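Visitor:
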Amino acid sequence: MFRVSGCKKRIEDTSPGCSGSQGVRSTLRTCPWVFPDLEDSARSVCERQRVLLRDAGPVLRLAAAELRGVKQELSLLSDDWNINTTLILQHCSTAWTDHVVLQQEVSRAKEEAAKLQQDVKKLQDRLHTSQLETQMLENRIQNQKVLQNQNQQALKQEVKSLQEELQKSHREKECVEKMLENTKKEEEESRLRLQQQCDEQSATILSLSRDLGGKKASWLSCRQRCESLQQQLLTWKQKEAETRQELEGALREGQRIKDEREALKRTQSEEMQQMEDAFRAKLQLADEQKSKLAALVQSATQELQEEVSALEALLREHEEDLRTMREKASGREEQLLREREEDLRAVREEASGREEQLLREHEEDLRTMREEALGREEQLLQEHKKDLRAVREEASGREEQFQQERQAEVGQLQHQLQELQQEVEELQRAHRDVQQLRKENCDLHVEVRLLQETVRRECEERAELTAALSLTREQLLGVRQTAPNSSVPRSPASSSLPSLSVGHSRDSNPGGNNTASWHGNPRQPLPPLPRLTTQRPVPPSPQTQRRKDKC
Numbered sequence: 012m013f014r015v016s017g018c019k020k021r022i023e024d025t026s027p028g029c030s031g032s033q034g035v036r037s038t039l040r041t042c043p044w045v046f047p048d049l050e051d052s053a054r055s056v057c058e059r060q061r062v063l064l065r066d067a068g069p070v071l072r073l074a075a076a077e078l079r080g081v082k083q084e085l086s087l088l089s090d091d092w093n094i095n096t097t098l099i100l101q102h103c104s105t106a107w108t109d110h111v112v113l114q115q116e117v118s119r120a121k122e123e124a125a126k127l128q129q130d131v132k133k134l135q136d137r138l139h140t141s142q143l144e145t146q147m148l149e150n151r152i153q154n155q156k157v158l159q160n161q162n163q164q165a166l167k168q169e170v171k172s173l174q175e176e177l178q179k180s181h182r183e184k185e186c187v188e189k190m191l192e193n194t195k196k197e198e199e200e201s202r203l204r205l206q207q208q209c210d211e212q213s214a215t216i217l218s219l220s221r222d223l224g225g226k227k228a229s230w231l232s233c234r235q236r237c238e239s240l241q242q243q244l245l246t247w248k249q250k251e252a253e254t255r256q257e258l259e260g261a262l263r264e265g266q267r268i269k270d271e272r273e274a275l276k277r278t279q280s281e282e283m284q285q286m287e288d289a290f291r292a293k294l295q296l297a298d299e300q301k302s303k304l305a306a307l308v309q310s311a312t313q314e315l316q317e318e319v320s321a322l323e324a325l326l327r328e329h330e331e332d333l334r335t336m337r338e339k340a341s342g343r344e345e346q347l348l349r350e351r352e353e354d355l356r357a358v359r360e361e362a363s364g365r366e367e368q369l370l371r372e373h374e375e376d377l378r379t380m381r382e383e384a385l386g387r388e389e390q391l392l393q394e395h396k397k398d399l400r401a402v403r404e405e406a407s408g409r410e411e412q413f414q415q416e417r418q419a420e421v422g423q424l425q426h427q428l429q430e431l432q433q434e435v436e437e438l439q440r441a442h443r444d445v446q447q448l449r450k451e452n453c454d455l456h457v458e459v460r461l462l463q464e465t466v467r468r469e470c471e472e473r474a475e476l477t478a479a480l481s482l483t484r485e486q487l488l489g490v491r492q493t494a495p496n497s498s499v500p501r502s503p504a505s506s507s508l509p510s511l512s513v514g515h516s517r518d519s520n521p522g523g524n525n526t527a528s529w530h531g532n533p534r535q536p537l538p539p540l541p542r543l544t545t546q547r548p549v550p551p552s553p554q555t556q557r558r559k560d561k562c
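Below, the structure written as C-alpha cells:
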C-alpha cells in the first residue's frame, strides 16, 4: 500500500508541462511491482491521451501556419514600411533640394535687389546732377535778370540825360532865336561897337566850337553805348539758346528716367508672378504628398484591423473545438480530463499568451510605426510649413520693402518731376521776361533812334543858324565898308581885328555849327551864350562792370 501510494504520489507530482503518457511510463518503470490492472488502465489512459494529442496536432499546426502567415504579412508590412520610408526620405531630399533652390532664388533676389539699389543710387546721382544743373541755370537766369535790370537802369539814365540835353538844346535854340530878334532890332544902334562885338563874337564862336566838340564826343559815346547794348543783346540771345538746349537735355533725361522706371516695374512684376507660381506648385506637391501618406496610413490600419479580426475568429474556432473535445472526454475520467484540461489550459494560456504577446508586439510595432510615420509626417509637414512660412514671410517682407522702396522712389521721382516742371515753368517765365525785355530794348532802341534824329535835326538847325550868322557878319562888314570915314571913326583896335568872312568862320569851326549872341544894351558887354552840357552819364558800378565782363 505504501508503494502504491508512493507511485500515485509520483504520478500526481509529475510536472504539468510533461505529457501524460511519459509520466505514466516513468511511474511504471520506477514501480514495476504495481498491479497489472493499474498498468492496463494507465495504458488505456495513455492511448486516449495519444488520440487526443493526435487530434490536437493539426489544430496546433493550423495555428502555427496562421502564425507563419502573420509573420509573412508582418514582413510584407515591414517591406512596405521600408519602401514608404525610402519614399519619405526621397520626398525629404526633394524638399531639401527645393529648399536649396529657394535659398538660391532668395540669394538671387537679394543680388537683384542690391543691383536695383545701385541703379536707384545712380538715378539719385543723376537727379542730383540735374538738380545742380537746374540750380546753375537758375543762377544764370538770376544773373541775367540782374544784368538786364542794370542795363535797363543804365539805358533809362542815358535816356534821361539825352532828354535833359535835348531840353537844354531847345532852350538854347529859343535863346538864340530871341537873340536874333534882338540883333535885328539893334542893328542900327550897334554899328559903333562892332569891333568889340566882333572880338566877343570870336570868343563866343570859339566857346561854341568847343561846346560842339563836346557834343560830338557825347554823341559818339552814346553811339558806342548803343553798340555795346546791341552786343549785350546778342550775348543774351546766345545764352537763351544755350538755356533752351539745356532745358531740352533735362527734359530728355526726365523722359529716359520715366522709361527706366516703367521697365523696372515690369521686370519686378514678372519676377513676383514667377515666384508666386513656383510657391503655388510647391504647395500643391506638398498637399498631394500629405494626401498620399494619409491614404497609406488608412490602408495599413484597415489591413491590421482585418488581420486582428481574422486572428480573433481563429481563436474562437479553436475554443469551440476545444469545448467539443472537452464535452466528449468529460464523461469518462475526471482526473485525466482535469489533467488534460490543466494541460490544455496551460497550452491555451501559453498559446494565448504567445498570441497576445505577438499581437501586442505587432500592435506595438504598428503603433510605433504609425507614431513614427505620423511624427515624421508631422515633422516634415511642420518643417515644410515652417520653410514655406519663412519663405513666404521673407518674400512678403521683401515685397513690402520693395513696394515701399518703389513707392518712395516713385514719390521722389514724382516730386523731382514736379520740381522739374516748376523749374521749366520758371524758365518759361524767365523766357517770357526776356522777351518782354527784348521788346523794351526794342522800344528803347526806337527811342534812341528818335533822339538821334532829333539831335541831327538840331545840329542841322544849328548849322542853319551859323550860316545865318555868317550872312549877318558879311552884311555888317559890307555896311562897315560902305559907311563914310567921317561918320564912324575907326578905333585903333579895328586894324588889329581879323577879317571876318565865311571862310574864316568855317576855318575856326570845322563842324560848321557855330552860333552868335547879341544884346541890345550898347553900354554893357554882351553876355555869352549858354553852353551845352557835355557831362556824361554816371558810369556803372564796379559790380555791374564785373558782371558784364563775366558775360
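Going by our numbering, the sequence shown wraps up at 562, each residue one higher than the last.
Beta carbons: idealized from backbone N, C-alpha and C, even for Gly.
Since the structure is predicted, the reported quantities are computational estimates derived from the model, not experimental observations.
Within 10 angstroms of its Cβ, does Val56 collect 16 or more other Cβ (buried), or is it exposed?
Guide: Counting from 1 along the sequence shown, the entry for residue 56 is found at position 45. Taking all protein chains shown into account, Val56 has 16 or more neighbouring C-beta atoms within 10 Å of its C-beta and is therefore buried.
Visitor: For the region 253-268 against the region 430-442, are there 3 or more C-beta pairs whose distance is under 8 Å?
Guide: yes
Visitor: For Val117, which of Leu49, Glu372, Glu199, Asp398 has the nearest alpha-carbon?
Guide: Start at 1 with the first residue of the sequence shown, and residue 117 comes out as number 106. When only C-alpha atoms are compared, the closest one is Asp398.
Visitor: Quick one, which of Glu149, Ser407, Glu464, Val112 has its alpha-carbon nearest Glu251's?
Guide: As a position in the sequence shown, residue 251 is number 240, starting the count at 1. Nearest of Glu149, Ser407, Glu464, Val112 to Glu251, Cα basis: Glu149.
Visitor: So, helix, strand or coil for Glu330, using DSSP?
Guide: The residue labelled residue 330 in the question sits at position 319 within the sequence shown. Helix.
Visitor: Using DSSP with H/G/I as helix, E/B as strand and the rest coil, what is His472?
Guide: In the sequence shown, residue 472 corresponds to position 461, counting from 1. With the sequence shown as reference, residue 472 is identified as Glu, and His is not the correct amino acid for it. In this structure, Glu472 counts as helix in the three-state DSSP scheme.
Visitor: Can you tell me whether Met380 is buried or exposed, with buried defined as 16 or more other CB within 10 angstroms of its CB?
Guide: The sequence position of residue 380 within the sequence shown is 369, counting from 1. So Met380 ends up on the buried side.
Visitor: In whole angstroms, give me the CA-to-CA distance for Leu448 and Gln155.
Guide: Mapped onto the sequence shown, residue 448 falls at position 437. Mapped onto the sequence shown, residue 155 falls at position 144. One C-alpha to the other measures close to 11 Å.
Visitor: Let me know the secondary structure DSSP gives Lys121 once reduced to three states.
Guide: In the sequence shown, counting from the first residue as 1, residue 121 sits at position 110. In this structure, Lys121 counts as helix in the three-state DSSP scheme.
Visitor: Under a Cβ-count criterion, where at least 16 other Cβ atoms within 10 Å of its own Cβ denotes burial, should Arg484 be classed as buried or exposed?
Guide: Locating residue 484 in the sequence shown gives position 473, counting from the first residue. Label assigned to Arg484: buried.
Visitor: With Glu410 and Val131 assumed to form a contact (beta carbons below 8 Å), what rounded beta-carbon distance in angstroms separates them?
Guide: Residue numbering aside, residue 410 sits at position 399 when the sequence shown is read from its first letter. Residue numbering aside, residue 131 sits at position 120 when the sequence shown is read from its first letter. About 17 Å separates the two Cβ atoms, so there is no contact after all.
Visitor: With a threshold of 16 other CB atoms inside 10 Å of the CB of Ile152, please say whether the residue is buried or exposed.
Guide: Start at 1 with the first residue of the sequence shown, and residue 152 comes out as number 141. Counting Cβ neighbours within 10 Å, Ile152 comes out buried, since at least 16 surround it.
Visitor: How should Cys453 be labelled, buried or exposed, when 16 other C-beta atoms within 10 angstroms of its C-beta is the threshold for buried?
Guide: Start at 1 with the first residue of the sequence shown, and residue 453 comes out as number 442. Flag for Cys453 reads exposed.
Visitor: From Asp376 to Leu85, what distance separates their C-alpha atoms?
Guide: Counted from its first residue, the sequence shown places residue 376 at position 365. Counted from its first residue, the sequence shown places residue 85 at position 74. Roughly 10 Å between the two C-alpha positions.
Visitor: Grouping DSSP H, G and I as helix and E and B as strand, with all else coil, what is Glu200?
Guide: Counting from 1 along the sequence shown, the entry for residue 200 is found at position 189. Three-state DSSP puts Glu200 in coil, outside helix and strand.
Visitor: Measuring only the C-alpha atoms, how far is Met283 from Gln83?
Guide: As a first step, residue 283 must be located in the sequence shown, where it is residue number 272. As a first step, residue 83 must be located in the sequence shown, where it is residue number 72. One C-alpha to the other measures close to 54 Å.
Visitor: Does the separation of the CB atoms of Leu307 and Asn93 fall below 8 Å?
Guide: Reading the sequence shown from its first residue, position 296 is the one you call residue 307. Reading the sequence shown from its first residue, position 82 is the one you call residue 93. The answer is no: Cβ separation not under 8 Å.
Visitor: Taking 8 Å as the limit between beta carbons, can you name the residues of its chain near Arg440, skipping five residues before and five after?
Guide: As a working mapping, residue 440 is identified with position 429 in the sequence shown. Answer for Arg440: no residue qualifies.
Visitor: So Leu177 packs on Thr477, CB below 8 Å; how close in whole Å?
Guide: Within the sequence shown, the letter at position 166 stands for residue 177. Within the sequence shown, the letter at position 466 stands for residue 477. Incorrect: roughly 19 Å between the Cβ atoms, too far for contact.
Visitor: Can you have a look at Asn162 and say buried or exposed, based on whether 16 or more other CB atoms are within 10 angstroms of its CB?
Guide: Translated into the one-based positions of the sequence shown, residue 162 becomes position 151. The residue is buried, with at least 16 neighbouring Cβ atoms inside 10 Å.
Visitor: Using the rule of at least 16 other Cβ atoms within 10 Å of the residue's Cβ for burial, across every protein chain shown, is Lys126 buried or exposed?
Guide: Here residue 126 refers to the residue found at position 115 of the sequence shown. Under this definition Lys126 is an exposed residue.
Visitor: Quick check: the Cα distance between Lys179 and Leu487, rounded to an integer number of angstroms?
Guide: By 1-based counting over the sequence shown, the position of residue 179 is 168. By 1-based counting over the sequence shown, the position of residue 487 is 476. For Lys179 and Leu487, the distance between alpha carbons rounds to 30 Å.
Visitor: Could you tell me the distance, in whole angstroms, from the CA atom of Ala228 to the CA atom of Leu424?
Guide: Locating residue 228 in the sequence shown gives position 217, where the first residue counts as 1. Locating residue 424 in the sequence shown gives position 413, where the first residue counts as 1. Cα to Cα, Ala228 sits roughly 60 Å from Leu424.
Visitor: Could you say if the region 74-82 and the region 319-328 meet the contact criterion of at least three C-beta pairs nearer than 8 Å?
Guide: yes
Visitor: For a test of the three-state rule: what should DSSP assign to Ser507, helix, strand or coil?
Guide: One-based indexing of the sequence shown puts residue 507 at position 496. Reliability of the predicted coordinates at Ser507 is poor, the pLDDT of 37 falling under 50, and the value obtained from them is presented with this limitation in mind. In this structure, Ser507 counts as coil in the three-state DSSP scheme.
Visitor: What's the gap between the Cα of Leu173 and the Cα of Leu217?
Guide: On the sequence shown, residue 173 is found 162 positions in, with the first residue counted as 1. On the sequence shown, residue 217 is found 206 positions in, with the first residue counted as 1. Annotation: Leu173 to Leu217 spans about 24 Å, alpha carbon to alpha carbon.
Visitor: Is the beta carbon of Asp332 less than 8 Å from the beta carbon of Val70?
Guide: For this step, residue 332 is matched to residue 321 along the sequence shown. For this step, residue 70 is matched to residue 59 along the sequence shown. Yes. Within cutoff.
Visitor: Just to confirm my understanding: we take Pro539, look at its own chain, exclude 5 residues before and 5 after, and list those with CB closer than 6 Å. What are they?
Guide: The residue labelled residue 539 in the question sits at position 528 within the sequence shown. Per-residue confidence for Pro539 stands at a pLDDT of 40, beneath the threshold of 50, marking its modelled position as unreliable; no derived number is given.
Visitor: Going by Cα to Cα distance, which pick from Lys171, Gln266, Gln316 is closest to Leu462?
Guide: In the sequence shown, the residue the question calls residue 462 occupies position 451. Minimum Cα distance to Leu462 is reached at Lys171.
Visitor: Between Leu223 and Leu166, which are expected to be in contact by the criterion C-beta below 8 Å, what is the C-beta distance as a whole number of angstroms?
Guide: Sequence index remark: in the sequence shown, residue 223 carries index 212 (1-based). Sequence index remark: in the sequence shown, residue 166 carries index 155 (1-based). In fact, because the Cβ distance is near 25 Å, the residues do not count as touching under 8 Å.
Visitor: Here's the rule I'm using: 16 or more other beta-carbon atoms within 10 Å means buried, otherwise exposed. How should Ser512 be labelled?
Guide: The residue labelled residue 512 in the question sits at position 501 within the sequence shown. In this predicted model, Ser512 has a pLDDT of only 39, less than 50, meaning its place in the structure is not dependable enough to derive any value.
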